[in-house]
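In our numbering, the protein residues as written are 216 to 507.
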C-alpha cells in the first residue's frame, strides 16, 4: 500500500527532554492510530527518536523505548558512562539492528513525509539539520539520531563525517525545533512539548564546576549557558503563534518524570496520562489540522 500524508500545510515539531519523551511517544501513538499523517516533522534529542517512530508509523516502538526499557541495564548502565559511552550506552543503536528495538527503515524511507533532525557541531556551535534525502542507510540514520541525542557530560559526541556532533537541544530553538520549520516555510505549527504550559527554564551561570565539566569544549559550554534564553524565547514565540491561531500546542498536564528518569512505574504513569490527554484532545487536533 502506498503511504500518503493527509496534512500538508502544517509542521509537526517534537521537543526533546530525555525520558520525558514518554509524553511525546503517547502523542505519536495517538496520531498514528487516528490516521493523522503530517507531511513535515522536525525533532531534536529524544524528539528525534519519536520522529523516527512517527514517520515509520510504529507507535509501539515509543512505548518500548520510553517505558519498557527505562530500567534496562544495557540501555543505561553507569559502567557505560565510566567507560566513556555515556549514560545511555552509545552502542544502543545496535538494538535497532538486533531486534530489541527493531526499526522499519523501509517504511520510514517510503513515507513521503519530510523530516529534519538537528544536532550541533562541537567545534563551531552551528546547528546542522539533516533531511531524509541525506540519509544513506539505517546505520547512517541511527548515527544522526544518536548525535541529536548526545548532551555533553552525559553522552560522548558522535562523529558524523568530519564533524563531531552533540545534542540538538543546545542549538537553534534550545530544544524545540521551531526555527528550522519556520525557515522551511511553515507558519502553521503543531508542537508537542515535554514540559507543562507554565514552565520557564532557569538561567545557567558559569562556575568552577561548569568550567571543569566543559574544559575541553568552550563552544559546548557557551551552548549550555545560552540554552535557557533560546528555549524560553522559542516557547514565547509558540504561545504567540497559538494566540494568533497558527499553532496547536500540546503541553502535558502532569509532569511526573525527569530527563534521566529510570523508574518504569513512573514512566508508565507518564505515558498513560499523556495517552489519556491526547485522546481527549483528538477532536481539537483534527479541527486545527483540517481533518474534522
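The C-beta atom is built at its ideal place from N, Cα and C for all residues, glycine as well. Computed from a predicted model, the values in this text were never measured in an experiment.
In this structure residue 221 is exposed. Its beta-carbon is surrounded by fewer than 16 other beta-carbon atoms within 10 angstroms. Under the 10 Å beta carbon count, residue 472 is surrounded by 16 or more other beta carbons and is classified as buried. Residue state for residue 254 is assigned as coil, using DSSP reduced to three classes.
Taking 8 Å as the cut-off, the beta carbon of residue 335 is found no closer than this to the beta carbon of residue 370. Nearest to residue 483 by C-alpha distance, out of 437, 238, 466, 232, is 238. Measuring C-alpha to C-alpha distances from residue 251 to each of 379, 377, 284, 227 identifies 227 as the nearest.
Judged by DSSP secondary structure, residue 227 falls within the beta strand (DSSP E) whose first and last residues are 226-229.
Residue environment analysis places residue 438 among the buried positions, since at least 16 neighbouring C-beta atoms fall within 10 angstroms of its C-beta. For residue 375, no alpha helix (DSSP H) run applies; the uninterrupted beta strand (DSSP E) run containing it begins and ends at 373-375, by DSSP. Counted as a single uninterrupted DSSP element, the beta strand (DSSP E) harbouring residue 342 occupies residues 342-345. Cβ-Cβ separation between residue 361 and residue 347: approximately 17 Å, too far for a contact (criterion under 8 Å). Between residue 498 and residue 477, the alpha-carbon positions lie close to 33 Å from each other.
If you check the CB distance, residue 235 and residue 474 come in under 8 Å. The three-state secondary structure of residue 240, taken from DSSP, is helix. The three-state reading of DSSP puts residue 333 in strand, counting E and B together. According to the DSSP assignment, residue 395 belongs to the alpha helix (DSSP H) that extends over 393-398.
Ranked by Cα distance from residue 264, the first of 253, 412, 280, 440 is 280.
Listed in chain order, the non-local C-beta contacts of residue 507 below 8 Å within the same chain comprise 498, 501, local neighbours out to five positions each way being set aside. Comparing alpha carbon positions, the residue from 267, 345, 432, 408 closest to residue 399 is 345. Residue 467 has its alpha-carbon roughly 27 Å from the corresponding atom of residue 342.
Counting only unbroken stretches of 4 or more residues, the alpha helix (DSSP H) elements lying wholly within the stretch 427-488 are 433-458, in sequence order. The beta carbon of residue 223 is closer than 7 Å to those of 254 in its chain, skipping five residues each way along the sequence.
Note that the C-beta distance between residue 443 and residue 419 is below 8 Å. DSSP places residue 318 outside both helix and strand once states are collapsed to three, so it counts as coil.
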